[in-house]
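Heads up: take any position in the sequence shown, counting from 1, add 1, and you land on the numbering used here. Ideal Cβ positions, reconstructed from N, Cα and C, are used throughout, including at glycine. A quick write-up on the structure given underneath.
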Amino acid sequence: AGPLDRAMRLERPERIEAADGEAETIFTDTGLVFVALAPASLAERQAGGRHDGIATHVARLRTGTGIAGGWRLSEGARRFRVLAVDDTARRSGFVACLIEEEGR
């Protein structure tokens, strides 16, 4: 991924449980982040209760956002679910995320 040239909203998932036992996940906007977005051809499949997903893009953004798997990036009507975060390069000030565009 190249320069951080896309302004995207970073959304944190929150699980809301009702008294009747029903639960839903809502997303809370944590603010604007600048992202480098590139197509990906990598597959990310998880088992053991985690969602399966196919990484459609790789996103790179600055460290310090707290981003984790299950979070979401949005740009207009487009939504990208974070499948995995690689922060091994955090000394450089960046994290890389495998993300899946929702609705694809």
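- For Ala39, the pairing in a beta bridge is given by DSSP as Val59.
- Residue pairing by DSSP puts Arg80 in a beta bridge opposite Ser75.
- In this structure, the CA atom of Gly22 is about 27 Å from the CA atom of Thr31.
- Sixteen is the threshold: when 16 or more other Cβ atoms of the shown chains lie within 10 Å of the Cβ of Ala60, as they do, the residue is buried.
- Boundaries of the beta strand (DSSP E) around Glu15: Arg7 to Glu18.
- Annotation: the continuous beta strand (DSSP E) that includes Ala97 extends over Phe95 to Glu102.
- A residue is called buried when at least 16 other Cβ atoms come within 10 angstroms of its Cβ; Glu76 does not meet this threshold and is exposed.
- With contacts defined as CB atoms closer than 8 Å, Val83 and Ala69 qualify as a contacting pair.
- With fewer than 16 neighbouring CB atoms inside 10 Å of its own CB, Ile27 falls in the exposed class.
- In terms of Cα proximity to Leu11, the closest of Thr89, Arg63 and Glu18 is Arg63.
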